[in-house]
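Chemist:
Protein chains: 4
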Amino acid sequence: MAARPKRARSVRPAKAGGHRRRRNGEGTPDRREAILAAALDEFSLRGFAAARLDDVARRAGVAKGTIYLYFRDKEALFQELVRSVIGPLIERFEASAEIDLPARVVAERIVEMFVREIYGTRRKDVIRLIIAEGPRFPKIAEFYYREVISRVIAAVRGLLRRAAERGEIPAEALARFPQLLVAPGLVAIVWHGLFDRFEPLDVAALMRAHLDLLFGERRTG
Amino acid sequence: MAARPKRARSVRPAKAGGHRRRRNGEGTPDRREAILAAALDEFSLRGFAAARLDDVARRAGVAKGTIYLYFRDKEALFQELVRSVIGPLIERFEASAEIDLPARVVAERIVEMFVREIYGTRRKDVIRLIIAEGPRFPKIAEFYYREVISRVIAAVRGLLRRAAERGEIPAEALARFPQLLVAPGLVAIVWHGLFDRFEPLDVAALMRAHLDLLFGERRTG
Amino acid sequence: MAARPKRARSVRPAKAGGHRRRRNGEGTPDRREAILAAALDEFSLRGFAAARLDDVARRAGVAKGTIYLYFRDKEALFQELVRSVIGPLIERFEASAEIDLPARVVAERIVEMFVREIYGTRRKDVIRLIIAEGPRFPKIAEFYYREVISRVIAAVRGLLRRAAERGEIPAEALARFPQLLVAPGLVAIVWHGLFDRFEPLDVAALMRAHLDLLFGERRTG
Amino acid sequence: MAARPKRARSVRPAKAGGHRRRRNGEGTPDRREAILAAALDEFSLRGFAAARLDDVARRAGVAKGTIYLYFRDKEALFQELVRSVIGPLIERFEASAEIDLPARVVAERIVEMFVREIYGTRRKDVIRLIIAEGPRFPKIAEFYYREVISRVIAAVRGLLRRAAERGEIPAEALARFPQLLVAPGLVAIVWHGLFDRFEPLDVAALMRAHLDLLFGERRTG
DNA sequence: GATGAATGAGGGTTCATTCAT
DNA sequence: TATGAATGAACCCTCATTCAT
Numbered sequence: 003m004a005a006r007p008k009r010a011r012s013v014r015p016a017k018a019g020g021h022r023r024r025r026n027g028e029g030t031p032d033r034r035e036a037i038l039a040a041a042l043d044e045f046s047l048r049g050f051a052a053a054r055l056d057d058v059a060r061r062a063g064v065a066k067g068t069i070y071l072y073f074r075d076k077e078a079l080f081q082e083l084v085r086s087v088i089g090p091l092i093e094r095f096e097a098s099a100e101i102d103l104p105a106r107v108v109a110e111r112i113v114e115m116f117v118r119e120i121y122g123t124r125r126k127d128v129i130r131l132i133i134a135e136g137p138r139f140p141k142i143a144e145f146y147y148r149e150v151i152s153r154v155i156a157a158v159r160g161l162l163r164r165a166a167e168r169g170e171i172p173a174e175a176l177a178r179f180p181q182l183l184v185a186p187g188l189v190a191i192v193w194h195g196l197f198d199r200f201e202p203l204d205v206a207a208l209m210r211a212h213l214d215l216l217f218g219e220r221r222t223g
Numbered sequence: 003m004a005a006r007p008k009r010a011r012s013v014r015p016a017k018a019g020g021h022r023r024r025r026n027g028e029g030t031p032d033r034r035e036a037i038l039a040a041a042l043d044e045f046s047l048r049g050f051a052a053a054r055l056d057d058v059a060r061r062a063g064v065a066k067g068t069i070y071l072y073f074r075d076k077e078a079l080f081q082e083l084v085r086s087v088i089g090p091l092i093e094r095f096e097a098s099a100e101i102d103l104p105a106r107v108v109a110e111r112i113v114e115m116f117v118r119e120i121y122g123t124r125r126k127d128v129i130r131l132i133i134a135e136g137p138r139f140p141k142i143a144e145f146y147y148r149e150v151i152s153r154v155i156a157a158v159r160g161l162l163r164r165a166a167e168r169g170e171i172p173a174e175a176l177a178r179f180p181q182l183l184v185a186p187g188l189v190a191i192v193w194h195g196l197f198d199r200f201e202p203l204d205v206a207a208l209m210r211a212h213l214d215l216l217f218g219e220r221r222t223g
Numbered sequence: 003m004a005a006r007p008k009r010a011r012s013v014r015p016a017k018a019g020g021h022r023r024r025r026n027g028e029g030t031p032d033r034r035e036a037i038l039a040a041a042l043d044e045f046s047l048r049g050f051a052a053a054r055l056d057d058v059a060r061r062a063g064v065a066k067g068t069i070y071l072y073f074r075d076k077e078a079l080f081q082e083l084v085r086s087v088i089g090p091l092i093e094r095f096e097a098s099a100e101i102d103l104p105a106r107v108v109a110e111r112i113v114e115m116f117v118r119e120i121y122g123t124r125r126k127d128v129i130r131l132i133i134a135e136g137p138r139f140p141k142i143a144e145f146y147y148r149e150v151i152s153r154v155i156a157a158v159r160g161l162l163r164r165a166a167e168r169g170e171i172p173a174e175a176l177a178r179f180p181q182l183l184v185a186p187g188l189v190a191i192v193w194h195g196l197f198d199r200f201e202p203l204d205v206a207a208l209m210r211a212h213l214d215l216l217f218g219e220r221r222t223g
Numbered sequence: 003m004a005a006r007p008k009r010a011r012s013v014r015p016a017k018a019g020g021h022r023r024r025r026n027g028e029g030t031p032d033r034r035e036a037i038l039a040a041a042l043d044e045f046s047l048r049g050f051a052a053a054r055l056d057d058v059a060r061r062a063g064v065a066k067g068t069i070y071l072y073f074r075d076k077e078a079l080f081q082e083l084v085r086s087v088i089g090p091l092i093e094r095f096e097a098s099a100e101i102d103l104p105a106r107v108v109a110e111r112i113v114e115m116f117v118r119e120i121y122g123t124r125r126k127d128v129i130r131l132i133i134a135e136g137p138r139f140p141k142i143a144e145f146y147y148r149e150v151i152s153r154v155i156a157a158v159r160g161l162l163r164r165a166a167e168r169g170e171i172p173a174e175a176l177a178r179f180p181q182l183l184v185a186p187g188l189v190a191i192v193w194h195g196l197f198d199r200f201e202p203l204d205v206a207a208l209m210r211a212h213l214d215l216l217f218g219e220r221r222t223g
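In order, the protein sequences belong to chains V, L, E and D.
Quick note: the first sequence uses my numbering, first residue 3, plus one each step.
Quick note: the second sequence uses my numbering, first residue 3, plus one each step.
Quick note: the third sequence uses my numbering, first residue 3, plus one each step.
Quick note: the fourth sequence uses my numbering, first residue 3, plus one each step.
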């Protein structure tokens with residue numbers, strides 16, 4: 003406690019407080035964003051429990067206390083990280099699925115969007131985090147289910163059921179289990195985190211092969 | 003650990019009287035097994051970093067120090083846990099895949115074995131652990147890749163390539179990416195950990211639907 | 003501060019919008035007074051170490067930095083608080099004691115002044131603070147001794163010795179230990195802070211009873 | 003977190019854990035008592051909030067973590083400190099007050115016991131702590147009221163009322179406010195903490211003078 | 001072997017203090 | 001003057017690890 007009546011403030015007795023480290027002209031000094039980005043790095047690297055806010059702060063270029071100006075505690079930081087990354091994704095996904103085109107075309111678009119917007123970005127790391135930490139963070143799991151999974155499932159299911167009625171896809175199996183459409187995406191994310199250094203995975207090809215299996219071949223690279 | 007998702011301040015009674023002695027005279031010989039089982043429980047419940055060896059010991063009915071008689075440290079305990087659970091699985095899987103039956107039949111057997119031997123047992127929790135903690139434990143990831151993934155992939159790939167040559171499956175997409183065969187299994191495991199309480203998943207039906215999509219319908223339950 | 007006796011995690015809204023602007027145009031001129039008043043509230047409520055300048059500032063309706071325009075640091079704020087409240091009291095007390103009336107009359111006046119000017123005001127809280135924090139603030143204790151205690155003691159002692167010589171009081175015990183005259187006042191202050199909610203204390207009656215014991219009965223309410 | 007997958011445990015990578023510092027043959031290694039004694043020292047010196055458990059541990063000759071083997075947290079340590087010191091006092095006090103002797107004799111015994119058992123021991127520091135910290139620790143205040151104050155008050159009141167009935171004391175003022183009997187004791191404790199270095203107080207003489215005032219002179223030293 | 005009390009480094013969180021605006 | 005975002009030292013508490021018994 004800095005306020006304890008004297009006791010010689012260990013070192014630097016008269017300079018304990020805060021310099022604003024005005025980092026050179028960078029434009030927005032948006033600390034909140036910087037902290038979230040750093041948190042994603044550290045949480046991805048070590049997992050929630052083992053990540054240190056000290057490292058988050060250093061990586062973000064702020065002092066440790068600064069984190070607490072923007073987030074109530076470590077857990078809130080984690081939750082807001084997930085929300086901020088996942089939130090914006092939702093509308094886009096739903097929009098894509100609602101277009102009334104042939105199922106295969108829509109499926110291709112969804113897959114392509116997955117590869118571009120998730121697998122190709124830091125969002126894949128957030129999804130990895132959700133998979134890894136979700137069981138210990140019921141709120142995160144619930145948020146993710148409510149805001150993402152259930153909506154995507156509903157959208158895809160509607161799309162596929164119509165396609166099945168039009169006979170575009172062999173059975174309505176896919177409509178019952180829309181998870182099957184994105185299952186390889188999940189595999190890709192998990193594979194990336196665990197095995198890529200032993201055997202890299204061509205995700206685009208994987209997803210194309212998957213679509214070929216579901217809808218019958220078309221033209222493959 | 004402040005980061006553990008909150009837990010009712012475990013009321014350590016200030017002089018920890020309670021010491022759970024084990025049942026019979028000189029103890030079950032397999033303390034090692036008991037510790038591994040307890041470790042699986044605790045690691046599953048909290049994740050590696052947040053699990054406490056104190057809880058593992060209590061759950062196993064041994065003293066904390068005893069763990070160190072059998073395992074070098076917490077990390078070694080985790081690694082051996084994975085090994086001990088995953089190891090025995092391998093031969094069986096390979097055996098199944100080598101039988102030279104029609105691809106669909108073999109695929110069905112593999113899927114059924116997955117449901118019975120993995121999804122239906124604690125092994126699914128170990129796989130969840132590998133997914134969650136693997137990136138922080140390169141040795142675990144490598145072991146799992148070397149001893150399980152690469153072998154299963156090779157076996158399945160051989161099987162499917164032969165089937166594709168015989169025209170039993172439409173394309174060789176599956177042979178290129180055998181991951182596609184088990185992708186729904188992975189989804190099921192992840193789903194179970196995160197979303198089952200919102201929307202339970204009928205894994206057997208999911209896997210059957212998946213096979214129907216891959217091989218064309220046949221007879222569905 | 004983990005040591006503060008628990009307080010519902012003050013819900014800092016992560017971007018602390020609310021900033022209580024003061025009422026009129028360019029502000030009440032006596033920010034200093036406002037800060038001192040707020041400091042008395044907070045120090046009384048939590049004690050010196052656990053009080054937060056943040057709360058003092060909020061209560062005073064100023065920014066945190068403003069405190070440092072008027073006081074060197076937290077300790078100086080505390081010292082000046084004590085001075086500003088105790089200082090004005092002194093002359094009055096001395097004046098009362100110097101009047102050359104019968105001892106009992108003077109004692110009654112002193113007691114009455116204590117009840118009215120100390121026990122009935124926030125000054126009692128300052129005295130409580132001195133009692134509680136004094137040992138850690140030698141300067142405060144010294145100031146209080148030099149400016150208050152020693153003077154009051156001297157005044158009361160002179161008064162009583164004269165009274166004893168005139169035979170108005172049975173012995174010179176009181177003159178040797180003028181503390182005995184105010185001891186019940188101290189008890190009242192301490193009692194108020196600790197036990198009033200269990201058993202309220204009628205301070206006026208207590209003081210009257212005390213005088214009756216010292217000087218022999220007269221007329222009691 | 004010591005368990006974080008590697009990161010070179012800063013210094014002494016293989017010797018992080020616990021040596022039992024078996025202090026030379028001392029008899030009881032009663033750590034609990036040592037910690038309580040050290041806590042009394044530190045809390046007295048700095049107050050509850052500003053005291054550091056680090057210092058308590060050092061003073062007790064144990065490691066910081068050891069404190070938590072015996073006490074749930076800092077607050078529990080404080081509460082148990084008060085209880086352990088105050089508790090044993092109660093019966094003795096009650097016993098003394100119940101003897102049916104002339105009031106003055108009993109009062110003298112009580113006063114003498116106060117001087118010997120409280121003022122002459124560390125218990126006076128605990129009472130100072132209660133006065134200083136009680137308002138922030140309602141449980142402490144309640145415990146102290148329930149277990150000490152209310153009982154002592156009741157005992158003294160009974161004693162004095164009987165004495166008043168026998169005409170031994172002039173009025174029943176004292177029976178109404180037994181606090182008046184011990185008020186100088188409180189003054190002595192407070193004085194000791196604050197002003198002894200400026201003007202030492204002869205407590206025994208103070209208490210004797212007090213009794214003389216209450217009961218009429220007898221023989222004074 | 002088995003125990004569990006003891007250790008002490010480590011990390012989340014707080015808050016007095018500073019200073020650019 | 002006044003502000004309040006930023007700082008970082010400090011401190012409570014946890015828990016992997018050790019070792020005398």
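From the three backbone atoms N, C-alpha and C, an ideal C-beta is built for every residue, glycine too.
If you follow the alpha helix (DSSP H) that residue 56 of chain D is part of, which residue opens it and which one closes it?
Modeler: Counting from one through the fourth sequence, the residue named residue 56 of chain D turns up at place 54. That run of the alpha helix (DSSP H) goes 55-62.
Chemist: Do the CB positions of residue 184 of chain E and residue 194 of chain E come within less than 9 Å of each other?
Modeler: The sequence position of residue 184 of chain E within the third sequence is 182, counting from 1. The sequence position of residue 194 of chain E within the third sequence is 192, counting from 1. Not in contact: residue 184 of chain E and residue 194 of chain E (Cβ atoms no closer than 9 Å).
Chemist: Against chain D, with Cβ distances strictly below 9 Å, would residue 157 of chain E count as a contact?
Modeler: As a first step, residue 157 of chain E must be located in the third sequence, where it is residue number 155. Chain D contact via Cβ: absent.
Chemist: Over what stretch of residues does the alpha helix (DSSP H) that includes residue 35 of chain E continue unbroken?
Modeler: What you label residue 35 of chain E is simply residue 33 of the third sequence in a count that begins at 1. Residues 33-48.
Chemist: What is the C-beta distance between residue 88 of chain L and residue 154 of chain L, in whole angstroms, given that I count them as a contact (C-beta under 8 Å)?
Modeler: Translated into the one-based positions of the second sequence, residue 88 of chain L becomes position 86. Translated into the one-based positions of the second sequence, residue 154 of chain L becomes position 152. No, residue 88 of chain L and residue 154 of chain L are not in contact; Cβ-Cβ is about 11 Å, not under 8 Å.
Chemist: With H, G and I counted as helix, E and B as strand and the rest as coil, what does DSSP make of residue 123 of chain V?
Modeler: Along the first sequence, one-based indexing puts residue 123 of chain V at 121. Correct three-state label for residue 123 of chain V: coil.
Chemist: Residue 133 of chain E versus chain D: which residues are under 9 Å apart at the beta carbon?
Modeler: The residue you call residue 133 of chain E lines up with position 131 of the third sequence. Under the 9 Å cutoff, chain D gives 130, 133, 134, 192, 195, 196.
Chemist: Of all the options E:168, E:208, E:142, which has the alpha carbon lying nearest to the alpha carbon of residue 174 of chain D?
Modeler: Taking the first residue of the fourth sequence as position 1, residue 174 of chain D is located at position 172. For the residues E:168, E:208, E:142, the minimum Cα distance to residue 174 of chain D belongs to E:208.
Chemist: Output the distance between the C-alpha atoms of residue 126 of chain D and residue 188 of chain D, rounded to the nearest integer angstrom.
Modeler: Start at 1 with the first residue of the fourth sequence, and residue 126 of chain D comes out as number 124. Start at 1 with the first residue of the fourth sequence, and residue 188 of chain D comes out as number 186. Distance between the alpha carbons of residue 126 of chain D and residue 188 of chain D: 9 Å.
Chemist: Taking the alpha carbon of residue 70 of chain E as the reference point, which residue from E:46, E:34, E:213, E:91 has its own alpha carbon closest?
Modeler: For the purposes of this step, residue 70 of chain E is taken as residue 68 along the third sequence, with counting starting at 1. Residue 70 of chain E has its Cα closest to that of E:34, out of E:46, E:34, E:213, E:91.
Chemist: Which same chain residues end up closer than 6 Å to residue 166 of chain E when comparing Cβ atoms and leaving out the 5 residues on each side of it in sequence?
Modeler: As a working note, residue 166 of chain E is residue 164 in the third sequence. Cβ neighbours of residue 166 of chain E beyond the five flanking positions: 174, 177.
Chemist: Three-state secondary structure (DSSP) at residue 135 of chain L?
Modeler: Taking the first residue of the second sequence as position 1, residue 135 of chain L is located at position 133. DSSP places residue 135 of chain L in helix when its eight states are reduced to three.
Chemist: Quick check on residue 97 of chain D: does DSSP put it in helix, strand or coil?
Modeler: Translated into the one-based positions of the fourth sequence, residue 97 of chain D becomes position 95. Three-state DSSP puts residue 97 of chain D in a helix.
Chemist: Sort D:147, D:214, D:56 by Cα distance to residue 92 of chain D and report the nearest one.
Modeler: For the purposes of this step, residue 92 of chain D is taken as residue 90 along the fourth sequence, with counting starting at 1. Of the candidates D:147, D:214, D:56, the one whose C-alpha sits nearest the C-alpha of residue 92 of chain D is D:147.
Chemist: Which same chain residues end up closer than 7 Å to residue 57 of chain E when comparing Cβ atoms and leaving out the 5 residues on each side of it in sequence?
Modeler: Position 55 of the third sequence, counting from 1, holds the residue named residue 57 of chain E. The answer, listed in chain order, is 44.
Chemist: Is residue 210 of chain E helix, strand or coil when you go by DSSP?
Modeler: Mapped onto the third sequence, residue 210 of chain E falls at position 208. Helix at residue 210 of chain E.
Chemist: Spell out a yes or no on whether the segment 134-143 of chain L and the segment 52-67 of chain L are touching, meaning 3 or more CB-CB pairs, one atom from each, closer than 8 Å.
Modeler: Short answer: they don't touch.
Chemist: If residue 51 of chain D and residue 211 of chain E are in contact, beta carbons under 8 Å, what's the gap, nearest whole angstrom?
Modeler: Translated into the one-based positions of the fourth sequence, residue 51 of chain D becomes position 49. Translated into the one-based positions of the third sequence, residue 211 of chain E becomes position 209. Actually they do not touch by this definition, with Cβ atoms about 37 Å apart.
Chemist: From residue 145 of chain E to residue 158 of chain E, what distance separates their C-alpha atoms?
Modeler: Position 143 of the third sequence, counted from the start, is the residue given in the question as residue 145 of chain E. Position 156 of the third sequence, counted from the start, is the residue given in the question as residue 158 of chain E. Each residue's Cα considered, the two are about 19 Å apart.
Chemist: Which residues in chain D sit within 7 Å of residue 70 of chain E, going by Cβ to Cβ distance?
Modeler: The residue labelled residue 70 of chain E in the question sits at position 68 within the third sequence. Near residue 70 of chain E there are no residues of chain D at all, since even the closest Cβ is about 21 Å away, more than 7 Å.
Chemist: Can you give the beta carbon distance from residue 162 of chain E to residue 105 of chain E, rounded, assuming they're within the 8 Å contact cut?
Modeler: The residue labelled residue 162 of chain E in the question sits at position 160 within the third sequence. The residue labelled residue 105 of chain E in the question sits at position 103 within the third sequence. Indeed they touch by this definition, with Cβ atoms about 6 Å apart.
Chemist: According to the neighbour-count rule (16 or more other Cβ atoms, all chains shown, within 10 Å of its Cβ), is residue 107 of chain L buried or exposed?
Modeler: Here residue 107 of chain L is taken as the residue at index 105 of the second sequence, counted from 1. Per the 10 Å Cβ criterion, exposed.
Chemist: Which residues in chain L have a C-beta closer than 7 Å to the C-beta of residue 189 of chain V? List them in chain order.
Modeler: Locating residue 189 of chain V in the first sequence gives position 187, counting from the first residue. Chain L residues near residue 189 of chain V: 181, 185, 188.
Chemist: If you follow the alpha helix (DSSP H) that residue 105 of chain V is part of, which residue opens it and which one closes it?
Modeler: Position 103 of the first sequence holds residue 105 of chain V. From DSSP, the alpha helix (DSSP H) with residue 105 of chain V extends over 105-115.
Chemist: Determine whether the Cβ of residue 200 of chain V lies closer than 9 Å to any Cβ atom of chain L.
Modeler: Here the question's residue 200 of chain V lines up with position 198 in the first sequence. True, the Cβ-Cβ gap to chain L drops below 9 Å.
Chemist: Which of the three DSSP states, helix, strand or coil, is assigned to residue 74 of chain V?
Modeler: In the first sequence, the residue the question calls residue 74 of chain V occupies position 72. Three-state DSSP puts residue 74 of chain V in coil, outside helix and strand.
Chemist: Could you check the C-alpha separation between residue 179 of chain V and residue 156 of chain V for me, to the nearest Å?
Modeler: One-based indexing of the first sequence puts residue 179 of chain V at position 177. One-based indexing of the first sequence puts residue 156 of chain V at position 154. In a straight line, the C-alpha of residue 179 of chain V is about 10 Å away from that of residue 156 of chain V.
Chemist: Would you give the residue range spanned by the alpha helix (DSSP H) that residue 146 of chain E belongs to?
Modeler: Mapped onto the third sequence, residue 146 of chain E falls at position 144. It spans 140-146 - the alpha helix (DSSP H) in which residue 146 of chain E sits, taken as one unbroken run.
Chemist: With a 10 Å radius around its C-beta and 16 neighbouring C-beta atoms as the bar for buried, classify residue 53 of chain V as buried or exposed.
Modeler: Taking the first residue of the first sequence as 1, we reach residue 53 of chain V at position 51. When all chains shown are included, residue 53 of chain V counts as buried.
Chemist: Quick check on DSSP: helix, strand or coil for residue 202 of chain D?
Modeler: On the fourth sequence, position 200 is the one that residue 202 of chain D refers to. In this structure, residue 202 of chain D counts as coil in the three-state DSSP scheme.
Chemist: Hey, quick one: how far does the alpha helix (DSSP H) through residue 186 of chain D stretch, first residue to last?
Modeler: If you number the fourth sequence from 1, residue 186 of chain D lands on position 184. Unbroken alpha helix (DSSP H) run through residue 186 of chain D: 181-197.
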